[in-house]
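Heads up, the thing below is written out as structure tokens.
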Amino acid sequence: APNDTSVKLAKIPQDKQLGKEAYKEAYPLEYNSFMKNNDTSPSPTGYGGAQAENSHLTEQPEMVENFKGYKFALQYDDDRGHTYAGEDFKNTKRLPGQKGNCITCKSSYMYDVYYKQSGWDYASKPIDEVMAPIEDDQWFGCSTCHDPETMELRVYQQGFIDSMARRGIDVNNASHNDKRAYVCAQCHNEYYFTKEDGRVNHPFDNGLDAESEYEFYQSGQAGAFKQDWIHADSKAPMLKAQHPDFETWATSVHADAGVTCVDCHMPYMRENGQKYTSHWMTNPLKTTEESCLKCHDESAETLKARVQTIGDNTFKLQRIAGKTVAQAHKTIKAAMDAGATDEQLEEPRQLVREAQWYWDWVAAENGMGFHNPDKIMRTLGLSIDKAHQCIEKTNAIMKGSL
Amino acid sequence: APNDTSVKLAKIPQDKQLGKEAYKEAYPLEYNSFMKNNDTSPSPTGYGGAQAENSHLTEQPEMVENFKGYKFALQYDDDRGHTYAGEDFKNTKRLPGQKGNCITCKSSYMYDVYYKQSGWDYASKPIDEVMAPIEDDQWFGCSTCHDPETMELRVYQQGFIDSMARRGIDVNNASHNDKRAYVCAQCHNEYYFTKEDGRVNHPFDNGLDAESEYEFYQSGQAGAFKQDWIHADSKAPMLKAQHPDFETWATSVHADAGVTCVDCHMPYMRENGQKYTSHWMTNPLKTTEESCLKCHDESAETLKARVQTIGDNTFKLQRIAGKTVAQAHKTIKAAMDAGATDEQLEEPRQLVREAQWYWDWVAAENGMGFHNPDKIMRTLGLSIDKAHQCIEKTNAIMKGSL
Amino acid sequence: MEFKELFQKHTLACLAGGFVIGVAVCGIGSAAMAFSGSPAFCGSCHAMKGEAATFAMSSHRALECTDCHLPHDNAVHYMFEKGRTGMIDTYHEVLRDYPANIKISSEGRQTVNDNCLRCHQTTMGSVHADVGVSMDTGGDCLKCHSSIAHGSNHLEGGIKVE
Ligand SMILES: [Ca+2]
Ligand SMILES: [Ca+2]
């Protein structure tokens with residue numbers, strides 16, 4: 011029809027499918043809004059945000075102690091827009107010495123080039139070799155989420171597909187609505203690299219909360235993988251939790267109501283009487299009107315204040331937990347200095363490992379509690395308890411041995 | 011045809027206004043539903059409920075330690091329907107030795123008879139003398155909430171009126187919607203009896219959360235009142251928190267949206283097309299259809315599951331907090347037995363007082379977290395932290411002195 | 018309550034009668050036809066007062082109730098549903114046995130949803146909205162717009178003691 015202004019599927023030349031440039035003309039609304047990911051304005055709540063060098067380590071100095079001996083103590087910034095994914099990755103001080111598996115969630119290059127050729131082989135090759143051929147425009151392009159031939163959403167990160175399959179869920183036969191979560195969930199989740207072949211795997215088997223995931227690592231379900239590093243002070247075998255955004259959301263009130271990541275982070279916008287999907291995946295409070303107010307009748311101020319309150323409550327406990335964990339590491343170190351044996355310190359080290367896991371699960375999550383308030387707060391309560399138990403246990407040992 | 015949204019005002023003889031019987035014929039729907047408060051079916055979530063002898067002390071034995079030396083260690087039951095208010099009050103083992111102020115929230119007798127005659131005088135008279143003239147039917151009747159002449163809601167508990175006035179709120183000039191909360195809030199709140207004349211007062215001046223109320227008691231704003239009792243084991247000066255349901259609700263998402271106690275606990279019902287307000291003030295999950303689904307699109311099962319989850323998360327931390335507090339009392343006692351001085355134990359005792367306050371604020375609240383999840387969970391996180399701090403401090407002292 | 022007894026004894030006959038009368042009345046003329054879909058007509062029942070009141074304050078207040086609540090794919094379907102639902106509504110209104118809180122049924126939701134798209138097809142032209150195939154898409158309008166016609170604040174105002 012002559013008046014039909016609906017978006018037409020465009021043919022993108024095969025050699026340009028991994029970039030963004032070639033999509034610009036066919037999908038200007040989506041392309042332009044995606045480019046807004048370059049915006050670096052601060053977060054309305056003060057949590058998160060998109061400034062360069064927005065360092066967690068400066069904001070919460072206890073992290074320097076908690077990650078001592080691990081790369082996260084070198085540089086650990088708050089996430090920025092998707093357009094920075096390549097740049098921030100290449101520049102992080104955590105990069106040297108890593109393997110190819112690291113690029114799994116930074117573009118679809120790993121899939122469209124490497125995985126299609128030879129499966130997980132890229133995962134255990136040196137990172138420099140693996141990332142060398144990736145051009146600037148090929149980091150995080152449209153193909154990261156869309157099948158370039160059909161522009162349908164696609165979920166192709168095999169580690170995620172396999173982990174969900176173990177939960178009985180076939181993500182590629184999921185409903186369209188569920189896909190609007192899975193397309194994000196394939197990256198925004200907790201993962202580890204298997205010792206066996208370096209592939210990405212997820213500890214989802216027992217459930218989607220911090221306790222179930224901890225049990226996964228404790229019970230041997232992670233195979234030969236036992237820890238990410240040995241803590242420099244306490245010598246405890248530590249786990250690093252990474253961005254469990256999916257797991258946090260998955261059991262939330264919003265998920266119950268079928269509200270997905272996309273509904274809030276990529277709301278419909280309008281231009282010329284037609285809707286399009288915003289591709290500026292940022293803090294939804296920057297677009298409260300479109301992100302929240304279609305479903306909610308409260309005023310934008312009321313909603314923002316509520317998100318702020320949840321964030322403040324979460325941050326309050328997160329700091330207490332983080333600092334207590336730091337103190338626990340130092341207490342164990344003091345015990346070691348005073349002559350405590352590895353055997354005596356076995357239990358305290360397990361306790362600090364567990365305490366830090368719970369704290370980090372929240373600290374690494376990106377919603378500052380909002381994605382699932384009571385689940386996140388429960389996790390912090392457990393962390394505070396375990397960290398103190400570690401301190402008390404260690405002190406009890408010392409009392410005996412002094 | 012009868013107007014289905016109005017009721018004819020009846021004249022209730024003055025000498026029968028305090029009871030319920032006289033209202034039966036004029037307001038059968040309200041009367042009959044009020045009598046459903048005699049129901050003693052269990053709570054759908056397992057938290058709360060209305061069975062006789064539903065003892066907190068049996069369910070959470072750590073309470074016996076935490077209230078040691080105080081009447082709450084003798085008997086402390088979950089609340090039941092309003093029709094039991096007189097009976098349960100007269101039978102509680104906590105009653106002997108109390109004063110008249112106790113009846114403030116058990117009927118309007120205190121107001122319509124005593125307060126109108128001579129203000130707060132009744133508050134410091136012996137309880138036996140004060141309750142002797144109250145007939146069975148006069149405990150918690152219709153006049154407890156309604157002005158019997160007009161059947162308008164009334165807020166007349168002077169302690170609450172004064173405390174709200176100090177917050178700049180004139181409860182009797184409040185909007186009709188706010189009154190639907192205040193009518194409950196006048197009883198369902200944290201209170202103490204002033205040392206000066208035994209009247210009921212509320213620690214609302216600094217804010218409506220556990221930290222602000224603690225600050226009220228710490229700063230001398232409670233006048234000569236310093237503690238409810240001295241703990242039998244730790245000798246710490248303790249505070250008892252009582253049902254801060256109002257404070258918990260007041261800053262919740264539901265309150266933000268103007269949803270009051272009455273909307274959930276007294277939903278509109280219909281009988282033969284006649285609309286009326288349910289007077290069965292019970293667990294709203296016994297009436298999910300009417301209580302929740304008028305606002306929520308989720309299914310009744312989804313909503314119940316959500317309330318259950320919030321309750322389970324809350325109860326998990328509540329138990330950890332309660333048990334850690336109990337251990338703190340015992341640790342201080344052990345230190346005393348080993349010769350620690352009052353001066354040395356000053357700080358630990360302050361810590362256990364504060365830790366228990368936070369725990370009790372939640373344990374005494376009646377929504378098991380649902381009324382305001384993140385606020386309640388924050389309070390428990392603080393409790394766990396302070397209780398452990400007490401233990402660590404005390405142990406540190408002992409280490410020095412041994 | 019003679020009405021109630023009559024209904025309970027002769028339910029089927031009454032319903033059939035109601036159906037015929039409904040269709041006949043509606044067929045009398047286009048004026049009656051239009052009226053019997055209007056907020057004034059629908060809102061004349063006690064059970065509908067709340068919805069009529071909230072609707073009157075909505076952005077769609079110029080519409081007829083039936084624009085959303087009856088199928089508009091063809092006239093026969095429209096008339097049939099009008100008779101059928103009108104019959105159910107009348108039956109419960111007379112018996113006065115409807116619940117305090119009337120909740121739209123899943124078929125009712127589907128009908129409404131189809132109507133949203135009937136008017137707003139263009140708006141949704143460029144985004145994923147397979148309406149009719151499944152409500153599990155961007156086409157589930159009510160997921161985001163359920164308060165568009167009746168608000169979401171269902172506080173109803175008190176019952177007066179006069
Ligand atoms: Ca960020
Ligand atoms: Ca109860």
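Residue numbers (my numbering), protein chains in the order written: chain A, 11 to 412; chain B, 11 to 412; chain C, 18 to 179. Glycine included, each C-beta is placed from N, C-alpha and C at the ideal position.
Name the chain A residues that come within less than 7 Å of residue 161 of chain C, Cβ to Cβ? 304, 305
Starting from residue 108 of chain C and walking both ways along the alpha helix (DSSP H), at which residues does that stretch end? 92-112
Residue 73 of chain A lies in the alpha helix (DSSP H); which residues open and close that run? Counted as a single uninterrupted DSSP element, the alpha helix (DSSP H) harbouring residue 73 of chain A occupies residues 72-76.
Under 6 Å from any heavy atom of ligand 3, does the C-beta of residue 377 of chain B make it? Because ligand 3 does not appear in the structure shown, any question about it cannot be addressed here, the ligands present being ligand 1 and ligand 2.
Closest by CA to residue 65 of chain A, which one among A:84, A:406, A:54, A:78? A:84
If the cut-off is 9 Å on Cβ atoms, which residues from the stretch 170-184 of chain A count as contacting chain B, listed in chain order? none
Length at least 4, wholly inside the stretch 27-106 of chain B: the alpha helix (DSSP H) runs in chain order: 38-45, 66-69, 72-76, 95-101
Do residue 64 of chain C and residue 110 of chain C have their beta-carbon atoms positioned less than 7 Å apart in this structure? yes
Is the beta carbon of residue 314 of chain B less than 7 Å from the beta carbon of residue 208 of chain B? no
Beta-carbon spacing of residue 332 of chain A, residue 369 of chain A below 7 Å: A contact, by the Cβ cut-off of 7 Å.
According to DSSP, is residue 313 of chain B part of a helix, a strand, or is it coil? helix
Quick one: residues in its chain with C-beta nearer than 6 Å to the C-beta of residue 170 of chain A, no 5 flanking neighbours on either side, listed in chain order? 196
Kindly provide the ranges of any alpha helix (DSSP H) runs that are 4 or more residues long and lie completely inside the stretch 131-169 of chain A, ordered along the chain. 137-141
Counting Cβ pairs, one atom from each stretch, are 3 or more of them under 8 Å apart for the stretch 119-131 of chain C and the stretch 82-98 of chain C? yes
First and last residue of the beta strand (DSSP E) that includes residue 160 of chain C? Unbroken run through residue 160 of chain C is the alpha helix (DSSP H), 158-162; no beta strand (DSSP E).
Please report how far the alpha carbon of residue 95 of chain C lies from the alpha carbon of residue 133 of chain C, in whole angstroms. 16 Å
Identify the contact partners of residue 390 of chain A in chain B, using a Cβ-Cβ distance below 7 Å as the criterion. 391
Name, going along the chain, the residues of the stretch 250-284 of chain A whose beta-carbon falls closer than 7 Å to a beta-carbon of chain C. 268, 278, 283, 284
Of all the CB atoms in chain C, is at least one closer than 7 Å to the CB of residue 300 of chain B? yes
Residue interval of the alpha helix (DSSP H) (run including residue 359 of chain A): That run of the alpha helix (DSSP H) goes 352-373.
So is the beta-carbon of residue 62 of chain B under 6 Å away from any non-hydrogen atom of ligand 2? no
Can you name, in chain order, every residue of its own chain whose Cβ lies under 7 Å from the Cβ of residue 363 of chain A, other than the five neighbours on each side? 246, 247, 248, 249, listed in sequence order.
In chain C, what lies closer than 8 Å to residue 286 of chain A by C-beta? 143, 144
Residue burial classification, residue 149 of chain C (beta-carbon count within 10 angstroms, cutoff 16): Legend: pLDDT at residue 149 of chain C = 49, less than 50; position of this residue unreliable, value from coordinates given subsequently. Result: exposed.
In terms of alpha-carbon separation, which member of A:80, A:167, A:221 lies closest to residue 126 of chain A? A:167
Is residue 129 of chain B near ligand 2, judged by its Cβ being under 6 Å from some heavy atom? no
Apply the 10 Å Cβ neighbour rule to residue 44 of chain C and answer buried if 16 or more other Cβ atoms are within range, or exposed otherwise. With a pLDDT of 46 at residue 44 of chain C, under the threshold of 50, the predicted position of this residue should be treated as unreliable, though the coordinate-derived value follows. Result: exposed.
Could you check if residue 90 of chain C is buried or exposed, using at least 16 other CB atoms within 10 Å of its CB as the buried criterion? exposed
Within the 7 Å Cβ cut-off, does residue 68 of chain B reach chain C? no
Return the chain-ordered list of same chain residues with a C-beta closer than 8 Å to the C-beta of residue 93 of chain C, the five sequence neighbours on each side being excluded. none
In the DSSP output, which residue or residues are listed as bridge partners for residue 239 of chain B? B:248
The alpha helix (DSSP H) spanning residue 228 of chain B covers which residue range? 220-228
Report whether the distance from the Cβ of residue 58 of chain A to the nearest heavy atom of ligand 1 is below 6 Å. yes
With a CB to CB cut of under 6 Å and the five nearest residues on each side skipped, what residues in its chain are close to residue 274 of chain B? 294, 301
Pull up the CB-CB distance for residue 163 of chain A and residue 193 of chain A, whole angstroms please, since I reckon it's below 8 Å. 5 Å
Straight-line CA distance for residue 379 of chain B to residue 179 of chain B? Distance between the alpha carbons of residue 379 of chain B and residue 179 of chain B is about 26 Å.
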